[in-house]
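Visitor: Chains B and X, in that order, give the protein sequences.
When the first sequence is numbered by our numbering, its final residue is 1967 and no position is left out of the sequence of numbers.
When the second sequence is numbered by our numbering, its final residue is 173 and no position is left out of the sequence of numbers.
Glycine is no exception: its CB is placed at the ideal position from the N, C-alpha and C atoms.
This one's a predicted model, so the numbers in the text were calculated from it and none came from an experiment.
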Amino acid sequence: MKKKDNINYSIFKRSTWAGLMLVLVAALTLEATSLIQFYFSQRELAKEATNRAETQLEVSKNKIMGVISQAEAAVRNSVWIAQWALRHQDSIPNISTRIVSDNPVIMGSTMALVPGFSKEFPLYSPYVYRNIDNSLDTTSLASAEYDYPHQEWFVKPIEIDDGYWSEPYIDTGGGEILMTTFSEPIKDRETGKTAAVLTGDISLDWLSELIGDIKIYPNATGMVLSRTGNWMVNKGNGEFKELKQLMLTGESGSTRLNINGNDSYIYYAPIERTGWSMCIAVPKDDIFGDIRKLGTWITLLQLLGLAMLIFILRSLLRNQAKYRSLNEREKVIENELHIARNIQMSMIPKTFPPFPERHDLDMAADIVPAKEIGGDLYDFFIRGEKLFFCIGDVSGKGVPAALVMAVTRSVFRSVATHEENPGKIVTNMNDSMVDVNENNMFVTFFCGVLDLTNGHLRYCNAGHNPPLTLTDAIRTLPVEANLPLGIIQGFDYVEQKTVLKYDDAIFFYTDGLSEAENKSQEQFGVMRIKEALHGRKRSEMHLKTIQAEVGKFVGDAPQSDDLTMLFIHYLGECRQSPARHSITLTNKIGEISKIEDFINGIATDVNLDKSVASKINLAIEEAVTNVVKYAYPDDTVGTIDVSAVGQPGLLTFTIADSGTPFDPTQNPEPDLQASVQERPIGGLGIHLVRTIMDSVQYEYRDGKNILTLTKNI
Amino acid sequence: MEIIITKENKEVIASLKGRLDTPASLEIAKDIESLKGEAGGTVILDCSEMSYISSSGLRLFLSLRKAAAEKGGKVIIRNICDDVRSVFMMTGFLNLFDIQ
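#1: Is there a Cβ from chain X that is less than 8 Å from the Cβ of ARG1663(B)?
#2: According to DSSP, is LYS1257(B) helix, strand or coil?
#3: Taking three-plus beta-carbon pairs below 8 Å as touching, is the region 1465-1484 of chain B in contact with the region 1397-1412 of chain B?
#4: Where are the alpha helix (DSSP H) runs, 4 residues long or more, that stay fully inside the region 1640-1674 of chain B, in chain order?
#5: For the region 1631-1656 of chain B, which residues have a beta carbon sitting closer than 9 Å to at least one beta carbon of chain X?
#6: Mind listing the chain X neighbours of ILE1935(B)? Cutoff is C-beta to C-beta under 7 Å, in chain order.
#7: Does SER127(X) come within less than 8 Å of chain B when only Cβ atoms are used?
#8: Using 8 Å for Cβ pairs, my map puts THR1818(B) next to TYR1763(B). What's the rounded Cβ distance?
#9: What does the Cβ neighbour count give for HIS1404(B), buried or exposed, with the cut at 16 atoms within 10 Å?
#10: Would you report the Cα separation of LYS1373(B) and LEU1340(B), rounded to the nearest angstrom?
#11: Evaluate GLU1399(B) with the Cβ neighbour count: other Cβ atoms within 10 Å of its Cβ, from every protein chain shown; 16 or more gives buried, anything less gives exposed.
#12: Is the distance from the Cβ of LEU137(X) to the Cβ of LEU108(X) below 8 Å?
#13: What are the boundary residues of the beta strand (DSSP E) that PHE1634(B) is part of?
#14: I want to verify the contact list: residues of chain X whose CB lies under 9 Å from the CB of GLU1850(B), in sequence order.
#15: Would you please state the rounded distance, in angstroms, between the beta carbons of VAL1860(B) and GLY1900(B)? I believe it to be under 8 Å.
#16: Starting from MET1819(B), follow the beta strand (DSSP E) in both directions and report where the run begins and ends.
#17: Could you tell me the boundaries of the alpha helix (DSSP H) in which TYR1884(B) lies?
#18: Label GLY1638(B) either buried or exposed according to how many other C-beta atoms from any shown protein chain fall within 10 Å of its C-beta, with 16 as the threshold for buried.
#19: In whole angstroms, what is the alpha-carbon distance linking GLY130(X) and THR95(X)?
#20: Between GLY1454(B) and SER1323(B), what straight-line distance do the alpha-carbon atoms span, to the nearest angstrom?
#21: Quick check on DSSP: helix, strand or coil for LYS1751(B)?
#22: Have a look at TYR1522(B) and THR1304(B) and give me their C-alpha separation to the nearest angstrom.
#23: How would you list, in chain order, the residues of chain B whose beta-carbon sits under 7 Å from the beta-carbon of ASP155(X)?
#24: Taking 8 Å as the CB-CB limit, is THR115(X) close to chain B?
#25: ALA142(X) CB to nearest chain B CB: under 8 Å?
#26: Starting from the C-beta of TYR1884(B), find all residues in its chain whose C-beta is less than 8 Å away, skip the five residues before and the five after it, and write them out in chain order.
#27: When you compare each of ALA141(X), GLN173(X), ASP156(X), ILE153(X) to GLN1931(B) by their alpha carbons, which one comes out closest?
#28: Quick check on the burial criterion: 16 or more other C-beta atoms within 10 angstroms. Buried or exposed for LYS1257(B)?
#29: Look at the alpha carbon of ILE1846(B) and the alpha carbon of GLU1876(B), and state the distance between them as a whole number of angstroms.
#30: State buried or exposed for ASP1259(B), treating a residue as buried only when at least 16 other CB atoms are found within 10 Å of its CB.
#31: Going by beta-carbon coordinates alone, are PHE1696(B) and ALA1759(B) separated by less than 8 Å?
#32: Three Cβ pairs or more, each shorter than 8 Å: is that satisfied between the region 1931-1948 of chain B and the region 1884-1897 of chain B?
#33: For PRO1422(B) and GLU1493(B), I'd like the C-alpha separation in whole angstroms.
#34: Going by the beta-carbon positions, is the gap between LEU1722(B) and THR1730(B) smaller than 8 Å?
#35: Residues in the same chain with beta-carbon distance under 8 Å from SER1288(B), minus the five sequence neighbours each way, listed in chain order, please.
#36: What in chain X is Cβ-close to GLU1875(B), meaning under 7 Å?
This is how it looks when you write it as structure tokens:
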């Protein structure tokens, strides 16, 4: 037991290792797959974010440029009339008025003269602006405090000699509005010198709205930086100096920055003409939040899956270990049962006819084993012209029954070799078996001793079912029930006797026959056995008939018990001696013609059918021809003795020669299906002998080839 | 054993009488050998009076049949009795011959 447990343990251990490795590999593979997937998804998402931000930058920039261009165009389209107005200075306020009234984006406008250009007005800058109710008012910027000639919007365009967008500024005039001004220098056509600056102011309120509209991600924000590094729109709570520096280079790009406590990706790009720069900030969580969540879920699911895998593997391995050990044990047991069955069967005489030289006895027996090993037995032997025989059935099935059967059989042999009295044989057997019967198994047993010289049968029954006698009718042999073997020590078994006459027979069987069941669970029964035994035949033929009948009755219902039969047909003490014929031939072909008369003599004697006689004639001729042709060397004369014994139902021929030892029964069977071309010319003789006769036995004894042929008739 | 060979039209008819056992087969072996010369045509073995055949006789029949197969002729066996038929059956000869 210990050893087996060890084996199981090592199987389990080895499998466990394999299982652990499997789980590990699965875990690594899963983890690697999701890491790779995570990496690539992240890259895709980053690309996607860049894409979206750049597109949004472009869109916003275009919108801003749209407003900017409108304002620029409004101012520039008035340049020619402004030049004209330099000579008609009373028209100057009208120019600004037209610019503001014609262009809704323009909140205010002025045309400021370069100081000294007009002798009449050293400073002149009438400012037209739009009120909240859309009405226009005019005011003058030519005050000493304001000092427009030093304002950025006035100085810069003259300095660069081009249109110029001012830094955003807060207009305090009409509410706190963020404004920017476009200024265009106006040149005097006559002198070619800059004589005035024409402006248009735009509000930057829309810019804030426009930037607020950026919704590429839930928490994305936009910001705009002016040329000089002032935030025109700033949704964050800081100055973001590093970002400013990057944006002030006037290039596009991206960076990462913490904005309002969010780790954010920043995409920025310049807005041409104005010198502004715009950026979009997207919190990292907006970009990668989903994949992070997904990653968490995937990891959780993977862990769950691995846990399940481990669980399944564990139970699988346990079952497998169990299954393997069970399977192996079953195989071992099955194998042992098989061996036990073979040993069991090898103890029982199975060669029939068992005593071919005896003409006073015709016996046959058979055990049809059930699928499971059982405990049926029979045995017989002849000692001193007496036939000792027995049949028995051990209670139960399986190895214990088989072992008890083996014990029973060997006890029978050992007791019966020195005891002739069946009552004493059974009593002795019982005593020695009770001694060793620890498992309370018992054996129903029938033992008989038949005196072959006079047909006297003494028998003793130990709880076995009574046999049937075949005399002038079929009857049940009267038996004392007694007790099965192995139950009570010292039980005195009663012996009985009867006398068999010539051609009487007894049929013994175990309950596997009488209780054989068909599918509707009917039993074969003694009546059917009796019917099957009708008529007098050779014992072997009787058994075949019964087997066929049982087979028909049972159909394909499984056989649950061993089925054992023993048939003893007494042919001794006969009133007329058996028909005996013999002839001696020499090894000449011509001698073969004598066989016809020889066979005809026998046929008349035992009343053979003409066609059966013709067949037997053929078989004997073929057997003899074989000897004539091959047994003796050419030119030597040898003899062949052919003898025949006729008994009821059986003809036995013996063909003996003293030539070269040769066993014709070893000849291969010819192929009867072969075509004309393939068919060999010879090889049919022995085939015919085998086909016609019921048994063909060869032996080499006392320097003679002896071929014994029997034919059931 | 007696064998009478006659020719009718283009057919050769061999009538077998008696028992074709081993010795008889030796007797008629020459006649069967001569019949092989006719095996390109049709050879009819009339067995109406043949009561018995052994494997030696079967050998003669088979050798004739083989010769016919080589030469493209035919061997027809006629009127076999039940005993002989059963021997033909046991040896598979029913399949080898045209039996009428």
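Guide: Per the coordinate set shown:
#1: What you label residue 1663(B) is simply residue 409 of the first sequence in a count that begins at 1. ARG1663(B) does not count as touching chain X.
#2: Taking the first residue of the first sequence as 1, we reach residue 1257(B) at position 3. Note on LYS1257(B): pLDDT 43, under 50, position unreliable in the model; the coordinate value appears next. If DSSP states are grouped into helix, strand and coil, LYS1257(B) belongs with the helices.
#3: no
#4: 1652-1670
#5: none
#6: For the purposes of this step, residue 1935(B) is taken as residue 681 along the first sequence, with counting starting at 1. Going along chain X in sequence order, the residues near ILE1935(B) (Cβ under 7 Å) are ARG132, LEU135, SER136.
#7: Here residue 127(X) refers to the residue found at position 54 of the second sequence. For SER127(X), the answer is yes, since a Cβ of chain B falls inside 8 Å of its Cβ.
#8: Here residue 1818(B) corresponds to residue number 564 of the first sequence, with the count starting at 1. Here residue 1763(B) corresponds to residue number 509 of the first sequence, with the count starting at 1. Indeed they touch by this definition, with Cβ atoms about 7 Å apart.
#9: Taking the first sequence and counting its residues from 1, one reaches residue 1404(B) at position 150. With fewer than 16 Cβ atoms within 10 Å of its Cβ, HIS1404(B) is classed as exposed.
#10: For the purposes of this step, residue 1373(B) is taken as residue 119 along the first sequence, with counting starting at 1. For the purposes of this step, residue 1340(B) is taken as residue 86 along the first sequence, with counting starting at 1. Each residue's alpha carbon lies about 12 Å from the other.
#11: For the purposes of this step, residue 1399(B) is taken as residue 145 along the first sequence, with counting starting at 1. So GLU1399(B) ends up on the exposed side.
#12: Reading the second sequence from its first residue, position 64 is the one you call residue 137(X). Reading the second sequence from its first residue, position 35 is the one you call residue 108(X). A contact, by the Cβ cut-off of 8 Å.
#13: What you label residue 1634(B) is simply residue 380 of the first sequence in a count that begins at 1. Here the beta strand (DSSP E) through PHE1634(B) covers 1630-1637.
#14: Within the first sequence, residue 1850(B) is the residue found at index 596, counting from 1. ARG92, ASP94, TYR125, listed in chain order.
#15: As a working note, residue 1860(B) is residue 606 in the first sequence. As a working note, residue 1900(B) is residue 646 in the first sequence. Yes, VAL1860(B) and GLY1900(B) are in contact; Cβ-Cβ is about 4 Å, under 8 Å.
#16: Taking the first residue of the first sequence as 1, we reach residue 1819(B) at position 565. Per DSSP, MET1819(B) belongs to the beta strand (DSSP E) from 1817-1824.
#17: Walking along the first sequence from the start, residue 1884(B) turns up at place 630. Where TYR1884(B) is concerned, the enclosing alpha helix (DSSP H) stretches over 1864-1884.
#18: Here residue 1638(B) refers to the residue found at position 384 of the first sequence. Exposed, since its Cβ has fewer than 16 Cβ neighbours within 10 Å.
#19: Mapped onto the second sequence, residue 130(X) falls at position 57. Mapped onto the second sequence, residue 95(X) falls at position 22. Roughly 7 Å between the two C-alpha positions.
#20: Against the first sequence, residue 1454(B) aligns to sequence position 200. Against the first sequence, residue 1323(B) aligns to sequence position 69. Taking the straight line from one Cα to the other gives about 12 Å.
#21: Within the first sequence, numbered from 1, the residue matching residue 1751(B) stands at position 497. Note: LYS1751(B) maps to strand in three-state DSSP.
#22: Mapped onto the first sequence, residue 1522(B) falls at position 268. Mapped onto the first sequence, residue 1304(B) falls at position 50. Going by the C-alpha atoms only, they are around 10 Å apart.
#23: Numbered from its first residue, the second sequence carries residue 155(X) at position 82. Those within 7 Å of ASP155(X) in chain B are SER1865.
#24: In the second sequence, counting from the first residue as 1, residue 115(X) sits at position 42. It does not: the Cβ of THR115(X) has no partner Cβ on chain B nearer than 8 Å.
#25: In the second sequence, residue 142(X) corresponds to position 69, counting from 1. Closer than 8 Å to some Cβ of chain B, the Cβ of ALA142(X) qualifies, so yes.
#26: Along the first sequence, read from residue 1 onward, the residue named residue 1884(B) stands at position 630. Within the same chain, TYR1884(B) has close Cβ partners GLY1913, THR1914, PHE1916.
#27: One-based indexing of the first sequence puts residue 1931(B) at position 677. Closest by alpha carbon: ALA141(X).
#28: Locating residue 1257(B) in the first sequence gives position 3, where the first residue counts as 1. Bear in mind that a pLDDT of 43 at LYS1257(B), under 50, signals an unreliable position, so the model cannot answer this.
#29: Counting from 1 along the first sequence, the entry for residue 1846(B) is found at position 592. Counting from 1 along the first sequence, the entry for residue 1876(B) is found at position 622. Between ILE1846(B) and GLU1876(B), the C-alpha separation is close to 9 Å.
#30: Translated into the one-based positions of the first sequence, residue 1259(B) becomes position 5. Because ASP1259(B) sits at a pLDDT of 45, beneath the cut-off of 50, its placement in the model cannot be relied upon, and the following sentence gives the value as read from the coordinates. ASP1259(B) is exposed by the Cβ-count criterion.
#31: The residue given as residue 1696(B) occupies position 442 in the first sequence. The residue given as residue 1759(B) occupies position 505 in the first sequence. For PHE1696(B) and ALA1759(B), no; Cβs fall outside 8 Å.
#32: no
#33: For this step, residue 1422(B) is matched to residue 168 along the first sequence. For this step, residue 1493(B) is matched to residue 239 along the first sequence. C-alpha separation (whole angstroms): 16 Å.
#34: For the purposes of this step, residue 1722(B) is taken as the residue at position 468 of the first sequence. For the purposes of this step, residue 1730(B) is taken as the residue at position 476 of the first sequence. Yes, the pair counts as a contact, with Cβ atoms nearer than the cut-off.
#35: Looking up residue 1288(B) in the first sequence gives position 34. Taken in chain order, the residues that qualify are GLY1549, ILE1552, THR1553, GLN1556.
#36: The count along the first sequence starts at 1 and reaches residue 1875(B) at position 621. The contacting residues are ASP94, THR95, SER127.
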